[in-house]
Each structure stands twice: as structure tokens, then as C-alpha cells.
Amino acid sequence: MGELTDKIKGNLDEAAGKIKQHGDDPETRDEGAAQEIKGKGEQFAGKVKGALGDDI
Numbered sequence: 330m331g332e333l334t335d336k337i338k339g340n341l342d343e344a345a346g347k348i349k350q351h352g353d354d355p356e357t358r359d360e361g362a363a364q365e366i367k368g369k370g371e372q373f374a375g376k377v378k379g380a381l382g383d384d385i
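So in the numbering used here, the last spot in the sequence shown is 385, and the numbers never skip.
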């Protein structure tokens, strides 16, 4: 995936994770927290690819 793709996917995962964290089910809240962290990681990967090039 390229820089822009990683950043977009990261933003979507982070947003979905935040929404899940507002539910009533503790399992869904935990899943949302993990998804939010995954999204932040994807955004970071996109930033690194942007700085170093998409060939990473």
C-alpha cells in the first residue's frame, strides 16, 4: 500500500474504533480500542512511507 492509502485506511480504522468504544458491550469496546490503535499504526506507516518513499 502507498502512503495515501495507509493514511486513509488508518483514519477509517481509528474513527470506527472510536465509535465502537461508545457501545454498551465491553467486548465491542475492547475491539474498538484495538481498532483505534491499529488505525494509528497505519497512519504512522503512511507517514514513514511519505518520508522515506513508498518502496518500504
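Note that the Cβ used here is the ideal one computed from N, Cα and C, for glycine as well.
Margin query: Under DSSP, the alpha helix (DSSP H) around GLY379 begins and ends at which residues?
Written below: Looking at the DSSP string, the run of the alpha helix (DSSP H) that includes GLY379 is 355 to 381.
Notebook entry, point to check: Where does GLY352 sit, in a helix, a strand or coil, going by DSSP?
Noted result: Coil, per DSSP.
Margin query: Our contact map puts GLY368 next to ASP335 with C-beta atoms below 8 Å; I'd like the distance itself, whole angstroms only.
Written below: Not quite, the Cβ-Cβ distance comes to about 10 Å (not below 8 Å), so this is no contact.
Notebook entry, point to check: Distance, Cα to Cα, ALA380 vs GLY331?
Noted result: Straight-line Cα distance between these residues: approximately 12 Å.
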